[in-house]
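Chemist: If you read the sequences in order, they're chains A and B. Okay, so the first sequence: first residue is 1 according to the numbering used here, each after it adds one. Okay, so the second sequence: first residue is 1001 according to the numbering used here, each after it adds one. We put the beta carbon where it would ideally sit given N, CA and C, even for glycine.
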Amino acid sequence: GNSVTQMEGPVTLSEEAFLTINCTYTATGYPSLFWYVQYPGEGLQLLLKATKADDKGSNKGFEATYRKETTSFHLEKGSVQVSDSAVYFCALSEGTSYGKLTFGQGTILTVHP
Amino acid sequence: DTEVTQTPKHLVMGMTNKKSLKCEQHMGHRAMYWYKQKAKKPPELMFVYSYEKLSINESVPSRFSPECPNSSLLNLHLHALQPEDSALYLCASSRTGTGNSPLHFGNGTRLTVT
């Protein structure tokens, strides 16, 4: 079956630091990959996506590249802000799955001023 | 602001009560979802409706009963719940329900069963 593994958290950074959150996946077919973010007290928001190998998704300074050879989709941001503090979920979805998402366990990010 | 609206935001119910959660979207999306999220965990899929028909039921207990009256509305009827059912219930929608169509989530209903 499908699975997603995210780096263990929580991650604590100072403002303007570089962020990497690792994500690797196992899938039987050719999945689409997503990063979702959940701010305190809210639902999940789509941060970025990639639908095929070598695609780069980007949004709000975050980016991730779909690497089929390493089955990875690591999230990066060059300079984090306090407002980026949230829980980040890596997820995949197969084409015939009615959009059923397989999530990683989530990584809590805290950014200090 | 989220484009998927869920009501109520908070709900407290006893184990003998009957209540309903409501979800609405006006983006023209044809697939709608119910997820359950426990604290510090990822969401878990409960149900998927595609073109108003139930497509996936992830072996959810019958005390949870979904309903999709039309393409914009999704309900979750609750009856005889247990305290362990306390969680954040998230509704989501997607344009086509295929794998590369991202989900748009509401802000959820925080349910407490006493």
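Give the single residue among B/H1029, B/P1061, B/M1046 and B/Y1049 whose Cα lies nearest to the Cα of B/Q1082.
Modeler: B/P1061
Chemist: My assumption, with CB atoms under 8 angstroms, is that A/A86 sits in contact with A/V37. Please give the rounded CB distance.
Modeler: 5 angstroms
Chemist: I need the DSSP call for B/V1048, collapsed to helix, strand or coil.
Modeler: strand
Chemist: Does the segment 1025-1036 of chain B come within contact of the segment 57-76 of chain A, defined as at least 3 CB pairs closer than 8 angstroms?
Modeler: no
Chemist: Relative to the alpha-carbon of B/L1045, which residue among B/E1003, B/Q1025 and B/F1064 has its alpha-carbon at the smallest distance?
Modeler: B/F1064
Chemist: Can you give me the start and stop residues for the beta strand (DSSP E) that B/M1013 sits inside?
Modeler: Run containing B/M1013: H1010 to M1013, per the beta strand (DSSP E) assignment.
Chemist: Taking B/A1080 and B/M1013 to be in contact with their CB atoms under 8 angstroms, please state how far apart those CB atoms are, rounded to whole angstroms.
Modeler: Their Cβ separation, rounded to whole angstroms, is 10 angstroms, which puts B/A1080 and B/M1013 out of contact at 8 angstroms.
Chemist: Look at the alpha carbon of A/L46 and the alpha carbon of B/A1092, and state the distance between them as a whole number of angstroms.
Modeler: 11 angstroms
Chemist: Just to confirm my understanding: we take B/Y1089, look at its own chain, exclude 5 residues before and 5 after, and list those with CB closer than 7 angstroms. What are they?
Modeler: L1021, W1034, K1036, L1076, G1108, T1109 and L1111
Chemist: From the DSSP secondary-structure annotation, give me the bridge partner or partners of B/N1075.
Modeler: B/K1022 and B/E1067
Chemist: Round the Cβ separation of A/P113 and A/E15 to the nearest angstrom and send it over; I've been treating them as touching at under 8 angstroms.
Modeler: 5 angstroms
Chemist: Does the segment 26-34 of chain A come within contact of the segment 49-62 of chain A, defined as at least 3 CB pairs closer than 8 angstroms?
Modeler: yes
Chemist: So with Cβ pairs under 8 angstroms, would you call A/Q81 a contact of chain B?
Modeler: So no, A/Q81 is outside the interface.
Chemist: Is DSSP giving A/E15 helix, strand or coil here?
Modeler: coil
Chemist: For A/L13, tell me which candidate among A/S93, A/G106, A/L101 and A/D84 has the shortest Cα-Cα distance.
Modeler: A/D84
Chemist: How about A/C23 and A/G104: are their beta carbons less than 8 angstroms apart?
Modeler: yes
Chemist: Pull up the CB-CB distance for A/I108 and A/G9, whole angstroms please, since I reckon it's below 8 angstroms.
Modeler: Correct: roughly 5 angstroms between the Cβ atoms.
Chemist: Decide if A/Q81 is buried, meaning its Cβ has at least 16 other Cβ atoms within 10 Å, or exposed.
Modeler: exposed
Chemist: Closest Cβ-Cβ distance between B/G1028 and chain A: below 8 angstroms?
Modeler: no
Chemist: Using the beta-carbon count (16 or more within 10 Å), is B/P1102 buried or exposed?
Modeler: buried
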